[in-house]
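Okay, so here's the structure we're looking at.
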Amino acid sequence: MLLGMTRVNIAEAKARLSELIDAALQGEDVIIARRNTPVVKLTAVTSRTSAPKFGMFKGRIRISDDFDAPLESFAEYMLPAGRRRKR
107 MLLGMTRVNI AEAKARLSEL IDAALQGEDV IIARRNTPVV KLTAVTSRTS
157 APKFGMFKGR IRISDDFDAP LESFAEYMLP AGRRRKR
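Numbering (our numbering), first residue to last: 107 to 193.
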């Protein structure tokens with residue numbers, strides 16, 4: 107098990123990749139260096155969103171009874187094509 111911060115060169119990272127990934131998943135900082143210069147930091151990816159939970163908005167959203175009723179401002183668009191008002 108690795109503790110704290112781990113710094114390895116590229117060749118060692120190739121040989122120990124699974125171990126280094128496990129260390130990163132446990133929150134450890136893993137730095138990969140090329141010619142003793144740090145070039146990559148290996149970190150775990152965390153999920154920022156959770157899966158939707160069905161029913162989570164139950165009681166919070168209300169749809170009015172006339173939700174799908176035609177709007178008065180669009181009445182002229184609902185007339186048959188021959189009866190539309192000319193502009």
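Using N, Cα and C, we set each Cβ at its ideal position, and we do this for glycine too. Since the structure is predicted, the reported quantities are computational estimates derived from the model, not experimental observations.
- Excluding residues up to 5 positions away in sequence, Val-114, Ile-116, Ala-119, Val-145, Val-146 and Leu-148 lie with their Cβ nearer than 7 Å to the Cβ of Ile-138 in the same chain.
- Per DSSP, Asp-174 lies in no beta strand (DSSP E) segment and is marked neither H nor E.
- With respect to Val-136, Leu-123 sits apart: the two C-beta atoms are not nearer than 8 Å.
- DSSP, read as helix, strand or coil, puts Ile-137 in strand.
- One alpha carbon belongs to Ala-150, the other to Asp-171, and they sit about 48 Å apart.
- Note on Thr-152: under 16 other CB atoms within 10 angstroms of its CB, so exposed under the neighbour-count rule.
- A direct Cα-to-Cα measurement between Pro-176 and Gln-132 gives close to 57 Å.
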